[in-house]
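Encoded as structure tokens, the structure appears first; notes follow it.
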Amino acid sequence: MDTLPRLISVFCLLLVSSNTLRAFQQTVSIDTITVVNVFPHDPQAFTQGLLYAGNDSLFESTGDYGKSSVRKVALHTGKVEKLQKMDDSLFGEGLTLHGDRLIQVAWLQTNGFIYDPKNLSEIGTFNHDMKDGWGLATDGKVLFGSDGSSSLYKIDPQTFKTVSKQVVYYKGHQVHFLNELEYINGEVWANVIPTDCIARISPNDGLVVGWILLQSLWKELIEAGNTDINVLNGIAWDAEQERIFA
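Numbering (mature numbering (1 follows the signal peptide of the UniProt record, and there is no 0)), first residue to last: -23 to -1, 1 to 223.
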């Protein structure tokens, strides 16, 4: 969840390069990024959830009261191909695709919403056990959720009950303010506010196995005229072509 407007007019394709260090006898990867490509994006869309939809398109959940929505966006043009507006009383948050259902959570809410990915029509609602909704991802079997705390939730995608909950640690310290999530190659990646870092988390034990540093992305966005950025948020993974979008 972002606390101030973040109006960014681009999506970025990232290349991640790695170094490693050892912490508490655990190898931790410290990664930096290179911006490979830049794509247009609606500057009024307050990105909260992001995922790759195939065929060079993205599903996006946007926040802010009165402006929240779920949308499908063409990657290369930024054109909004489909849009489902949320009720004005809701602040849209994390979004993931599980099977044939788009699943979304909302800030300060313990209920969520289910959409048909073909037309974005709302086809159901559900209740969950997190204190409220921030991030959402899936490995195809379970859902992973965050609520702005240091907890990573595993959630049954049929009942939406919490299966287990891991407290996320790095060097013996809890990592708080876990935000948007993405599942990538056996890890859960999490934006951590208010930092410009992504934590790479083992879903098995909650330990941070690596960090991705986004200072260079922040700098490029500022230099491109995006002066209203509060925090970086949104991670999308194209597994087929191994592309990361932020």
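Every residue, glycine too, gets a C-beta built ideally from N, C-alpha and C.
Listed as beta-bridge partners of S123 by DSSP are G112. Judged by DSSP in its simplified three-state form, L155 adopts strand.
Ranked by Cα distance from S126, the first of K118, K138, M107 and A114 is M107. Approximately 6 Å separates the beta-carbon atoms of F121 and Y160; this is inside 8 Å, confirming the contact. Take the alpha-carbon of L184 and the one of G149: they are about 9 Å apart. In the structure shown, S6 falls within a strand segment according to DSSP collapsed to helix, strand and coil. F36 is the residue among F36, G69 and T87 whose C-alpha sits nearest the C-alpha of R78. G110 is classed as buried because its beta carbon has at least 16 other beta carbons within 10 Å across all chains shown. Here V169 is bridged, per DSSP, to L155 and C174.
In the three-state scheme derived from DSSP, where H, G and I count as helix and E and B as strand, L194 is classed as helix.
Its Cα nearest to that of K62, the residue E99 stands out among E99, I80, L27 and D124. Going by DSSP, G163 is part of no beta strand (DSSP E) at all; its letter is neither H nor E. The continuous stretches of beta strand (DSSP E) do not include A30, and DSSP gives it neither H nor E.
Assignment of beta-bridge partners to D215 by DSSP yields R220.
H153 and A167 have their C-alpha atoms some 11 Å from each other. Judged by DSSP secondary structure, Q143 falls within the beta strand (DSSP E) whose first and last residues are T139 to V144. The secondary-structure analysis by DSSP pairs S38 across a beta bridge with G26 and V47. Burial state of H18 is buried, judged by a 10 Å Cβ sphere holding 16 or more other Cβ atoms. In the three-state scheme derived from DSSP, where H, G and I count as helix and E and B as strand, S98 is classed as coil.
A distance of 8 Å or more separates the beta carbons of G163 and G112. Contact between D8 and W188 holds, since their C-beta atoms are separated by about 7 Å, short of 8 Å.
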